[in-house]
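> Residue numbers (the UniProt record's numbering): 1 to 167.
Glycine included, C-beta positions come from ideal geometry on N, C-alpha and C.
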Amino acid sequence: MEQGEAIEQQPSLNWSESVEDLVTAGDTDGAISLLETVVSKLETLSRSETLDLQLASAFTELSKLYSTKHFSLKSDELLSRASVLKQLALQSRPSSAEDVTKHLIEDVVSNSKSNAALSSSDSVIDGPCIKGHLEESFRLPDDASPCKGSSDDVVFALISYPGRRLV
């Protein structure tokens with residue numbers, strides 16, 4: 001298990017590629033094991049924004065793998081932890097309403113693609129098409145400013161209506 005040893009020496013070095021290679025080779029259990037090792041190593045390091053984002057990414061990938069094994073509760077728990085870490089990372093840096101909107105769009109598009117891929121092999125989601133619609137729905141009017149609450153309305157809509165399209 002050369003990949004696991006490399007991860008133990010430096011947990012942030014290409015672990016996602018190693019996991020992808022294992023999944024491609026059909027070794028989902030090996031990928032899960034490798035990701036759990038990465039997560040445990042990352043959790044022992046001192047917290048930083050970069051580390052939180054790496055850990056969130058690892059949780060998200062691990063969640064997808066557990067979902068393919070039909071462990072939905074474990075998958076949901078890991079997605080929740082990933083969301084909390086992403087939120088902490090976003091709160092730790094000053095950002096404009098546009099930056100927050102951009103991150104929300106990326107998360108929604110990413111989750112839509114992964115959920116569609118896991119739920120049905122017949123459905124095809126056009127990522128650029130979804131992203132375009134989301135960008136349109138998140139675009140602020142010319143007279144809107146962050147202090148008028150427009151971005152808060154978008155965040156509220158995303159939280160209140162997670163399954164609905166915002167087009």
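(1) Would the beta-carbon of residue 169 fall within 9 Å of that of alanine 58?
(2) With H, G and I counted as helix, E and B as strand and the rest as coil, what does DSSP make of tryptophan 15?
(3) From what residue to what residue does the alpha helix (DSSP H) around glycine 26 run?
(4) State the Cα-Cα distance for the pair proline 128 and glutamate 106, rounded to the nearest angstrom.
(5) When the Cα of aspartate 29 is compared with those of Arg47, Phe71, Leu53, which residue comes out closest?
(6) Using C-beta distances below 7 Å, list every residue in its chain close to leucine 22, excluding the 5 sequence neighbours before and after it, in chain order.
(7) With DSSP as the reference, label serine 75 as helix, strand or coil.
(8) Mapping DSSP to helix, strand and coil, what is leucine 45?
Taking the geometry as given:
(1) Summary: the structure shown does not reach residue 169, with the chain confined to residues 1 through 167, and so no result is reported for it.
(2) Note: tryptophan 15 maps to helix in three-state DSSP.
(3) Taken as a continuous stretch (DSSP letters only), glycine 26 belongs to no alpha helix (DSSP H), as it is neither H nor E.
(4) With a pLDDT of 49 at proline 128, under the threshold of 50, the modelled position of this residue cannot be trusted; read the value that follows with caution. Straight-line Cα distance between these residues: approximately 11 Å.
(5) The closest CA to that of aspartate 29, considering only Arg47, Phe71, Leu53, is found on Phe71.
(6) Residues Gly30, Ala31, Leu34 of the same chain have their beta carbon placed closer than 7 Å to that of leucine 22, with the five preceding and five following residues left out of the count.
(7) Three-state result, serine 75: helix.
(8) In the structure shown, leucine 45 sits in coil (DSSP, three-state: anything other than H, G, I, E or B).
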